[in-house]
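Mapping of the sequence shown onto the numbering used here: residues 133 to 295, in sequence order.
Just so you know, even glycine gets a beta-carbon here, dropped at the ideal spot from N, CA and C.
Notes follow once the structure below has been shown.
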Amino acid sequence: MVVDRIGMFPGSFDPVTLGHLDILGRSLHLFDRMIVAVAEAGHKQTLFPLEERVEMLRESLSAEQSALVEVTPFRGLLVDFARQRRVHGVIRGLRFVSDFEYEFQMVLMNQRLAPDVDTIFLMPTAQYTFLNASLVKEVARNGGSVEGLVPPGVIRRLKARFG
Ligand code: PNS
Numbered sequence: 133m134v135v136d137r138i139g140m141f142p143g144s145f146d147p148v149t150l151g152h153l154d155i156l157g158r159s160l161h162l163f164d165r166m167i168v169a170v171a172e173a174g175h176k177q178t179l180f181p182l183e184e185r186v187e188m189l190r191e192s193l194s195a196e197q198s199a200l201v202e203v204t205p206f207r208g209l210l211v212d213f214a215r216q217r218r219v220h221g222v223i224r225g226l227r228f229v230s231d232f233e234y235e236f237q238m239v240l241m242n243q244r245l246a247p248d249v250d251t252i253f254l255m256p257t258a259q260y261t262f263l264n265a266s267l268v269k270e271v272a273r274n275g276g277s278v279e280g281l282v283p284p285g286v287i288r289r290l291k292a293r294f295g
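Written as structure tokens, this is what we have:
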């Protein structure tokens, strides 16, 4: 019996950026199918509500990706959701050394909670290494262009929010 390899890409996606989509594309080279797990809120106050963050991701996928990628919200611990969905690995993007400390802490905690759930780090293409969702929101809030950094649907929603 051939079993599909399933990966999980968790995050806040507030909002999804082209950097996230780059990581998702790379994940699909490693896994047969991907679950993009959108976290309820965690410790962060989000700009977009959970449903809208999920929607923005769904509408950003190509037809080919949509067949292989499930975008779903999750509540509670990531490792519990990963176990529940029987994923073979968790994907996170890593850009700079500055990301490392936060990611390392999370991995160690997740390993303690669930030693069987492994995290794999992927690096985005160089043009997106500087990009993060907080910067996108800050630029958009102050009237700057985020063209080429986020999908068109996100640009539309940011304009609706900030004018
Ligand atoms: O995109 P983000 O905000 O860096 O993603 C962080 C996220 C959602 C992956 C992380 O906060 C998370 O896993 N939240 C779910 C709750 C949980 O399991 N927390 C313990 C992590 S050590």
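Cβ shell of residue i (< 6 Å), same chain only, five flanking positions each side left out
i, result
"ASP250", "GLY221"
"ILE252", "GLY221, ILE223"
"GLY308", "One cannot answer for residue 308 here, as it falls past the ends of the chain, which runs 133 to 295."
"ARG158", "LEU254"
"MET140", "ILE167, ALA169, ALA214, VAL219, VAL222"
Other residues of its chain near residue i: CB distance less than 7 Å, five sequence neighbours each side excluded
i, result
"GLY208", "none"
"THR257", "ASP154"
"ASN242", "LEU210, VAL211, VAL249, THR251"
"PRO142", "ALA169, ALA171, LEU210, VAL222"
"LYS269", "LEU179"
"LYS176", "SER144"
"VAL278", "VAL268, VAL271, ALA272, ILE287, LEU290"
Assigned exposure category for residue i - 16 Cβ within 10 Å defines buried
i, result
"ASP248", "exposed"
"ALA199", "exposed"
"GLY276", "exposed"
Test item: CB-CB of residue i and residue j under 8 Å
i, j, result
"GLU191", "GLY285", "yes"
"ALA246", "ARG215", "yes"
"VAL201", "VAL186", "no"
"ALA272", "THR149", "no"
"PHE145", "LEU179", "no"
"VAL296", "PRO147", "In the structure as shown, the chain starts at 133 and stops at 295, and residue 296 therefore has no counterpart that could be examined."
"GLU235", "LEU226", "yes"
Those residues which DSSP pairs with residue i across a bridge
i, result
"PRO142", "ALA169"
"ARG224", "PHE253"
"THR204", "ALA169"
Among the options, the one whose alpha carbon lies nearest that of residue i
i, options, result
"ARG289", "ALA173, PHE228, LEU162, GLU184", "GLU184"
"PRO205", "SER194, SER230, GLU196, LEU182", "LEU182"
"ARG165", "VAL229, GLN197, LEU193, VAL134", "GLN197"
"ASP136", "GLY157, ALA292, PHE163", "PHE163"
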